[in-house]
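What follows is one structure encoded as structure tokens, with my remarks underneath.
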Amino acid sequence: MKWQNNKKGISIIEILIVTAIIIVALIGLFGLVALSLRISTLTKETAQANNLAQETIEAVRNFRDGTSWDINGLGTLATSTAYHPEKSGDVPPKWQLILGEEIEGGFTRKVVFDEVCRDGDDNIVETGGEVDPNTRKIITTISWKDEEVKVVTYLTNWR
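Mapping of the sequence shown onto my numbering: residues 62 to 220, in sequence order.
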């Protein structure tokens with residue numbers, strides 16, 4: 062006698078396997094969506110931080126151009142001290158540098174000035190050399206949450 066399986070339909074095991082596959086696929090899809098949102102948010106925040114850093118550098122340049130280097134300008138500011146740019150109440154407003162950090166829209170911004178040393182060939186060196194009184198290293202830092210953007214540039218007394 063030949064036994065035949067004429068059962069039509071889906072067994073419970075098949076249903077469980079299909080359900081497990083669908084659940085794993087959905088979890089993976091939701092994880093991908095969550096990762097995409099985190100990356101998108103980080104990209105947006107990094108762009109905002111870069112814009113704030115660029116604005117800070119431009120404000121420092123504007124401050125340098127509107128002041129006398131050794132009287133009330135960059136040459137008189139303390140090194141290794143945090144400042145932040147702020148517009149004055151003058152008409153038209155001018156950029157000024159205020160002691161301390163600034164918190165704006167969830168971002169903390171500061172700019173620190175360091176002396177610059179040059180070797181005998183007039184190249185900038187990290188250690189040794191002679192202090193160049195007409196050049197400042199500008200370190201702009203924008204931080205938020207656990208992230209940070211740092212931009213370093215040099216400004217000179219061009220007058």
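Ideal placement from N, C-alpha and C gives every residue a C-beta, glycine not left out.
Check: Out of I78, W130, E208 and C178, which has the shortest C-alpha to C-alpha gap to T188?
Finding: C178
Next item on the list: Using only alpha-carbon positions, find the residue among H145, V173 and I84 that is nearest to R164.
Entry: Sequence inspection shows Ile at residue 164; the Arg mentioned does not correspond to that position. It is H145 whose Cα lies nearest to the Cα of I164.
Checklist line | First through last residue of the beta strand (DSSP E) which encompasses K171 | finding: F168 to R179
Next item on the list: Let me know the secondary structure DSSP gives I132 once reduced to three states.
Entry: coil
Check: Should R170 and I132 be called a contact, given that it needs their Cβ atoms to be closer than 8 Å?
Finding: no
Checklist line | Reduced DSSP secondary structure (H/G/I, E/B, other) of E165 | finding: strand
Item checked: Outcome for Q157 when other beta-carbon atoms lying within 10 angstroms are tallied against a minimum of 16 -> buried
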